[in-house]
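Participant:
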Amino acid sequence: MGHTEFDAGPLGSATAGPGWQGPGMPLLYSEDDLETSGEAGPRPRMPSVVNDLIAARTGEERQRLVRGMLHAIGFAWLGYGSVAQQHGKATPLTFFTSYAHPEWTQRYFSQRYHDLDTRHHDAPCSSLPLVWDLDDLKASDGRGPMAGRKRRFLDELADCGIGSGVFFSLASPTRVQERTVISLMSSAPNRRWIMDSVLGQALTLALSVHEYLSQHRRLPETHAGLRAEMPPMQQHILNFLIQGQSDKEIAYQLQLSAHTVDYHMRQLRRRFSVRNRVQLVKAAMQAVQET
């Protein structure tokens, strides 16, 4: 399987312009894609970390600030992205590369390790953190037909120098099946060092980064434009598809024949340049997110 190319950006971060990087990849974006012009300055009611991020004059300065705060509490990398939860699987939608581990980001998405990452299921949809290390991941779901891939997933995680961390899953306030995922990672081989004081600081940093990025993200409108141009019937079908309904359920809701629904599904796959239902759901979720 081919790999997406990443360029080494400032401070060794992974950088990638916004865009779809292949069937297994989310929409990648970085500091270069944040809307920071016209910033009004610090906000009195915001946490101090958020105001520090606002006060940073450049993306490089903000990266130094975040990496400094990560190292101060024992972590080295921070992954931030959004996923759609469909039928027990987490489909990646977007991922912010600037604070992440470049090599691991590439491997994780190009090899579709998110399909077997149990942290997506184990982390509650709240601000409560999931503390983990490699032994925890080895102990969970280690048998069955996916055991070989699971071992490769864990081996590559270790090869990238990642041994423990904290994983947050935040429910979207407006989209039932969408979550924001934040992962703080460390090279420490076990999780015993992650005490309550570390968790508190990790939570503060994670939620502050979430607040800043959610207010300053600027993503391309490719899929939103496609959705705006489509006929109303196809927009209705997309809405039901995002809700996780089957073709039969969609046909019942819209009083259409199975043949007509299949026809529209083929038209939608062609419109979004995707090959299957999972990719169509991801594109549809992205279109909603961009509007």
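The opening position of the sequence shown corresponds to residue 1 in UniProt numbering, with each subsequent residue numbered one higher.
Glycine included, every Cβ here is placed at the ideal spot set by N, Cα and C.
1) Do the CB positions of Asn190 and Asp133 come within less than 8 Å of each other?
2) Identify, in the order they occur along the chain, each residue of the same chain with its Cβ nearer than 7 Å to the Cβ of Ala56, setting aside the five sequence neighbours on each side.
3) According to DSSP, what are the bridge partners of Arg179?
4) Just the Cα atoms here: how many angstroms apart are Val274 and Tyr263?
5) In three-state DSSP terms, what is Trp285?
6) Quick one: residues in its chain with C-beta nearer than 8 Å to the C-beta of Thr260, no 5 flanking neighbours on either side, listed in chain order?
7) Given a cut-off of 8 Å, decide if Met185 and Phe75 are closer than it, judged by their beta-carbon atoms.
8) What do you reckon, are the CB atoms on Thr204 and Pro47 nearer than 8 Å?
9) Does the Cβ-Cβ distance between Val181 and Ile73 come in under 8 Å?
10) Exposed or buried, which one is Glu178 when buried takes at least 16 other CB atoms within 10 Å?
11) Once DSSP output is grouped into helix, strand and coil, what is the label at Val166?
12) I need the straight-line Cα distance from Glu156 to Gly79, nearest angstrom please.
13) From Leu268 to Leu70, what does the alpha carbon distance come to, in whole angstroms?
14) With 16 as the cutoff for other CB atoms within 10 Å, does Gly68 come out buried or exposed?
Facilitator: On the basis of the supplied data:
1) The answer is yes: Cβ separation under 8 Å.
2) Same-chain partners within the cutoff: Arg62, Leu65.
3) Val83, Ala171
4) 15 Å
5) Reading off the sequence, residue 285 comes out as Met, not Trp. Helix, per DSSP.
6) Ala251
7) Yes. Within cutoff.
8) yes
9) no
10) buried
11) strand
12) The alpha-carbon atoms of Glu156 and Gly79 are separated by roughly 17 Å.
13) 43 Å
14) Exposed is the label assigned to Gly68, since fewer than 16 other Cβ atoms lie within 10 Å of its Cβ.
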